[in-house]
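Asker:
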Amino acid sequence: MEHQARAEAMEKTNVAIVGMGTVGAGVARLLLDHGDRTARHAGRTLWLEKVVVQDLAKPRNVDLPKGVLTNDLNDVLNDPSIEVVAQLIGGLEPARSIMMKLLESGKDVVTANKALLAEFGPELFDRARELGRSIAFEASVAGGIPIITNISQCLSANQVQSLQAILNGTSNYIVSEMEESEAAFESVVLEAQRLGLAEADPTLDVNGSDAAQKLAILAHLAFGARVHWSEIPLQGIDQLQLVDLKYANQLGYRVKLIAVAKLIAGGLELHVSPTLVKMFTPMSEVRGANNAISVVGDAVGRVFFHGLGAGQMPTASAVVADMMDTAVGRTGLTFKTLELWSDQEARVQMADPATTRSRYYVRLQVLDQPGVLSQITGVLGENNISIASVIQHSPDGQSENNVVPLIVMTHEAHEGEADAAMKKIEQLETVKSSCIRMRVLD
Ligand code: NDP
Ligand code: HSE
176 MEHQARAEAM EKTNVAIVGM GTVGAGVARL LLDHGDRTAR HAGRTLWLEK VVVQDLAKPR
236 NVDLPKGVLT NDLNDVLNDP SIEVVAQLIG GLEPARSIMM KLLESGKDVV TANKALLAEF
296 GPELFDRARE LGRSIAFEAS VAGGIPIITN ISQCLSANQV QSLQAILNGT SNYIVSEMEE
356 SEAAFESVVL EAQRLGLAEA DPTLDVNGSD AAQKLAILAH LAFGARVHWS EIPLQGIDQL
416 QLVDLKYANQ LGYRVKLIAV AKLIAGGLEL HVSPTLVKMF TPMSEVRGAN NAISVVGDAV
476 GRVFFHGLGA GQMPTASAVV ADMMDTAVGR TGLTFKTLEL WSDQEARVQM ADPATTRSRY
536 YVRLQVLDQP GVLSQITGVL GENNISIASV IQHSPDGQSE NNVVPLIVMT HEAHEGEADA
596 AMKKIEQLET VKSSCIRMRV LD
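Printed below as a string of structure tokens:
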């Protein structure tokens with residue numbers, strides 16, 4: 176606030192925030208307390224003119240100047256002096272209608288709402304282009320990591336070959352906590368909500384939808400794919416069992432929710448799934464609410480981005496940088512040429528998931544009797560799946576009802592053949608559970 180008062184004399188761009196929850200409050204803090212940074216980098220003050228919320232009585236933890244807080248969106252729409260608006264409401268509605276109204280009243284918009292972009296991106300971008308306005312969305316993928324700018328600008332001389340990423344901070348936080356302290360799933364979800372990491376509906380975090388929405392945006396930017404996020408095969412961490420984290424560790428892996436986009440012979444391989452990641456690789460060491468994206472470009476080779484992918488200030492960092500870029504006109508320039516959600520044809524189609532290849536971790540509960548292993552290896556062999564290693568033991572060396580866990584690590588196999596093999600194995604009388612199967616990343 177002090178900086179905002181001091182900066183009153185210099186050139187300014189009036190800005191507003193719509194939605195002041197976790198992220199909005201962080202944005203307000205950066206604008207009010209660190210106006211010197213925007214002055215230094217953008218050559219002007221970003222002057223916080225209005226903040227729109229639903230409930231005026233709610234405690235906010237941010238000391239806003241008098242007259243800034245309102246519950247009437249018209250205070251922003253009808254004020255032509257406000258040029259840039261950070262729209263920080265989650266979910267689809269009223270976020271979509273509010274975004275449209277802001278564009279139609281002549282505002283450039285900055286958003287962190289990936290669900291909105293993944294669902295209504297084409298409609299919103301078309302409208303913004305028609306109106307000569309821009310939408311900046313760095314914070315929508317991987318929070319504080321500047322991955323949107325890197326893929327759409329810094330790496331634009333490359334054909335991206337593959338992306339492997341941890342894109343949901345909440346899931347990574349939950350799995351890290353379960354692995355490190357054996358904490359129960361439900362209690363860690365509550366903690367992620369308390370820390371402001373999780374979505375208003377945390378189901379979207381733990382069932383993989385949030386990561387798939389972000390992957391759809393990245394696949395669109397990096398490969399020119401036009402795939403709706405709901406078409407991406409996805410599995411979240413909500414079914415993950417502590418025992419599989421332990422077996423993975425024993426085998427030298429950590430389990431992570433990994434999003435993949437990769438060019439293969441049949442098109443673009445896309446999926447989000449819990450995956451065993453080889454220990455001591457950079458991806459396996461990504462802990463807590465951190466995200467990471469490993470990008471391979473044909474010119475640059477592999478580049479690795481790491482940082483906080485969720486939480487108040489990391490996300491606010493990306494939003495305020497977008498507001499500065501918009502205020503100085505940089506976003507307007509790139510937005511016009513950005514291929515994202517333009518009327519250009521898709522450059523690549525999604526590959527048939529059955530044709531993708533991976534190594535797999537498979538866990539089964541089987542009868543502890545002779546011949547069982549050969550039945551299972553027989554089915555795997557019939558489906559061209561070769562075994563890398565097998566472990567059969569119960570954690571305490573005892574079997575319960577003569578049933579023991581059997582863990583099989585395979586060599587690389589076709590997803591379609593792995594599906595077929597698992598169906599057959601589950602029908603064997605000696606197999607007493609459904610198969611737990613996860614991809615393996617070495
Ligand atoms: P919160 O739920 O904490 O905040 C949402 C805010 O929107 C609240 O202040 C709420 O007002 C306001 N709001 C809701 N409806 C309206 C309305 N009709 N008019 C005005 N204000 C309204 O969400 P977050 O800050 O966590 O997330 C915001 C967006 O950022 C989401 O799209 C999320 O996916 C995304 N995001 C979040 C990250 C995070 O770490 N939290 C990271 C990256 C992206 P009130 O307070 O009065 O109820
Ligand atoms: N809920 C999201 C996450 C916020 O945990 O990654 C950042 O998009």
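For the sequence shown, this note's numbering begins at 176 and goes up steadily by one. The beta carbon of each residue, even a glycine, is placed where N, CA and C say it ideally should be.
1. Among GLY266, ALA314, ASP543, THR509, which has the Cα closest to the Cα of THR605?
2. Can you check whether the CB of VAL381 is closer than 9 Å to the CB of ALA391?
3. Taking the beta carbon of GLN150 as the centre, do at least 16 other beta carbons fall within 10 Å, making it buried, or is it exposed?
4. Return the residue from the list GLY266, LEU277, SER362 that minimises the CA-CA distance to SER315.
5. Can you look up ALA290 in the DSSP assignment and give me helix, strand or coil?
6. Using the Cβ count rule (16 or more neighbours within 10 Å means buried), how would you classify LYS598?
7. Excluding the 5 residues preceding and the 5 following ALA340 in the sequence, name in chain order all residues of the same chain whose CB lies nearer than 6 Å to its CB.
8. Going along the chain, which residues put their C-beta within less than 6 Å of some heavy atom in the ligand HSE?
9. VAL350 and ILE310 - do their beta-carbons sit closer together than 9 Å?
10. Using a Cβ-based criterion (distance less than 8 Å to any ligand heavy atom), does MET195 qualify as near the ligand NDP?
11. In this structure, does DSSP put ALA180 in helix, strand or coil?
12. With 16 as the cutoff for other CB atoms within 10 Å, does ALA180 come out buried or exposed?
13. Just to confirm, are VAL615 and SER533 a CB contact at a threshold of 9 Å?
14. Below 8 Å, can you find three or more Cβ-Cβ pairs linking the segment 500 to 509 to the segment 517 to 529?
15. Quick one, which of ARG304, GLU592, PRO580 has its alpha-carbon nearest GLY556's?
16. With H, G and I counted as helix, E and B as strand and the rest as coil, what does DSSP make of ALA367?
17. Determine the direct distance from the alpha carbon of ALA261 to that of ALA200, and round the result to whole angstroms.
18. Could you tell me whether the Cβ atoms of LEU173 and PRO449 are closer together than 9 Å?
19. Any heavy atom of the ligand NDP closer than 8 Å to the CB of LEU263?
20. Would you call the segment 249 to 256 in contact with the segment 297 to 308, where contact means no fewer than 3 C-beta pairs closer than 8 Å?
21. Report yes if the C-beta distance between ILE582 and ILE566 is below 9 Å; otherwise report no.
22. Alpha carbon to alpha carbon, how far is ARG215 from GLU186? Give it in angstroms, no decimals.
23. Could you pull out every unbroken beta strand (DSSP E) segment of at least 3 residues lying fully inside the segment 306 to 379, listed in chain order?
24. Are the Cβ atoms of VAL537 and MET584 separated by less than 9 Å?
25. Taking the alpha helix (DSSP H) that PRO489 belongs to, which residues open and close that run?
26. From what residue to what residue does the beta strand (DSSP E) around VAL465 run?
27. Once the 5 residues before and after GLU224 are set aside, which same chain residues still bring their CB inside 6 Å of it?
28. What are the partner residues of TYR422, as DSSP defines its beta bridges?
29. For the segment 362 to 379 and the segment 417 to 425, state whether three or more C-beta atom pairs, one from each stretch, are separated by less than 8 Å.
30. Tell me ASN189's beta-bridge partners as DSSP assigns them.
31. Is there contact here, the segment 480 to 499 with the segment 203 to 220, by at least three beta-carbon pairs under 8 Å?
32. Within 8 Å: the Cβ of LEU239 and any heavy atom of the ligand NDP?
33. Can you tell me whether THR490 sits near the ligand NDP, meaning its C-beta is under 8 Å from at least one heavy atom of the ligand?
Answerer: In short, the structure shows the following:
1. Sequence index remark: in the sequence shown, residue 605 carries index 430 (1-based). Comparing Cα positions, the closest option is ASP543.
2. As a first step, residue 391 is located in the sequence shown; it is residue number 216 there, counting from the start. As a first step, residue 381 is located in the sequence shown; it is residue number 206 there, counting from the start. Cβ distance not < 9 Å, so ALA391 and VAL381 don't count as in contact.
3. As displayed, the chain neither begins before 176 nor continues past 617, which places residue 150 out of reach and without an answer.
4. Within the sequence shown, the letter at position 140 stands for residue 315. Nearest option by C-alpha distance: GLY266.
5. In the sequence shown, residue 290 corresponds to position 115, counting from 1. Three-state DSSP puts ALA290 in a helix.
6. In the sequence shown, counting from the first residue as 1, residue 598 sits at position 423. Exposed, since its Cβ has fewer than 16 Cβ neighbours within 10 Å.
7. Taking the sequence shown and counting its residues from 1, the one referred to as residue 340 is at position 165. Excluding sequence neighbours, ALA340 sits near ALA434, ILE468.
8. Per the Cβ criterion, the list is GLY318, ASN343, GLY344, THR345, LEU372, ALA373, GLU374, ASP380, ASP385, GLY484, ALA485.
9. The residue you call residue 310 lines up with position 135 of the sequence shown. The residue you call residue 350 lines up with position 175 of the sequence shown. Not closer than 9 Å, so no.
10. Working through the sequence shown from its first residue, we reach residue 195 at position 20. Yes, the ligand NDP has a heavy atom inside 8 Å of this Cβ.
11. Residue mapping note: residue 180 aligns to position 5 of the sequence shown, counting from 1. With a pLDDT of 49 at ALA180, under the threshold of 50, the modelled position of that residue is not reliable, and the figure given next carries that caveat. Residue state, collapsed to three classes: helix.
12. As a first step, residue 180 is located in the sequence shown; it is residue number 5 there, counting from the start. Reliability fails at ALA180, whose pLDDT of 49 lies under 50, so the model's placement of it is uncertain and the value that follows must be treated cautiously. The residue in question, ALA180, is exposed, as its Cβ has fewer than 16 Cβ neighbours within 10 Å.
13. On the sequence shown, position 440 is the one that residue 615 refers to. On the sequence shown, position 358 is the one that residue 533 refers to. Yes.
14. no
15. Looking up residue 556 in the sequence shown gives position 381. Ranking ARG304, GLU592, PRO580 by Cα distance to GLY556 puts GLU592 first.
16. Your numbering for residue 367 matches position 192 in the sequence shown. Helix at ALA367.
17. As a first step, residue 200 must be located in the sequence shown, where it is residue number 25. As a first step, residue 261 must be located in the sequence shown, where it is residue number 86. Using only the alpha carbons, I get a separation of about 11 Å.
18. What is shown of the chain runs 176 to 617, which leaves residue 173 out entirely.
19. Indexing the sequence shown from 1 puts residue 263 at position 88. The ligand NDP has a heavy atom closer than 8 Å to the beta-carbon of LEU263.
20. no
21. Position 407 of the sequence shown, counted from the start, is the residue given in the question as residue 582. Position 391 of the sequence shown, counted from the start, is the residue given in the question as residue 566. Closer than 9 Å, so yes.
22. Residue mapping note: residue 186 aligns to position 11 of the sequence shown, counting from 1. Residue mapping note: residue 215 aligns to position 40 of the sequence shown, counting from 1. Using only the alpha carbons, I get a separation of about 12 Å.
23. 335 to 341
24. The residue given as residue 537 occupies position 362 in the sequence shown. The residue given as residue 584 occupies position 409 in the sequence shown. Yes, they are a contact pair.
25. Along the sequence shown, read from residue 1 onward, the residue named residue 489 stands at position 314. PRO489 -> alpha helix (DSSP H) spans 487 to 503.
26. The residue labelled residue 465 in the question sits at position 290 within the sequence shown. First, the residue type needs correcting, since residue 465 is Asn and not Val in the sequence shown. Element bounds for ASN465: 465 to 472.
27. For the purposes of this step, residue 224 is taken as the residue at position 49 of the sequence shown. If we look at GLU224 and ignore the five residues flanking it on each side, its Cβ neighbours are ASN189, ALA191, ILE257.
28. Within the sequence shown, residue 422 is the residue found at index 247, counting from 1. Answer is none; TYR422 lacks a bridge partner.
29. no
30. Position 14 of the sequence shown, counted from the start, is the residue given in the question as residue 189. TRP222, ILE257.
31. With the cut-off at 8 Å, the segment 480 to 499 and the segment 203 to 220 touch.
32. Taking the sequence shown and counting its residues from 1, one reaches residue 239 at position 64. Answer for LEU239: no, Cβ out of range of the ligand NDP.
33. Counted from its first residue, the sequence shown places residue 490 at position 315. Yes, the Cβ of THR490 comes within 8 Å of a heavy atom of the ligand NDP.
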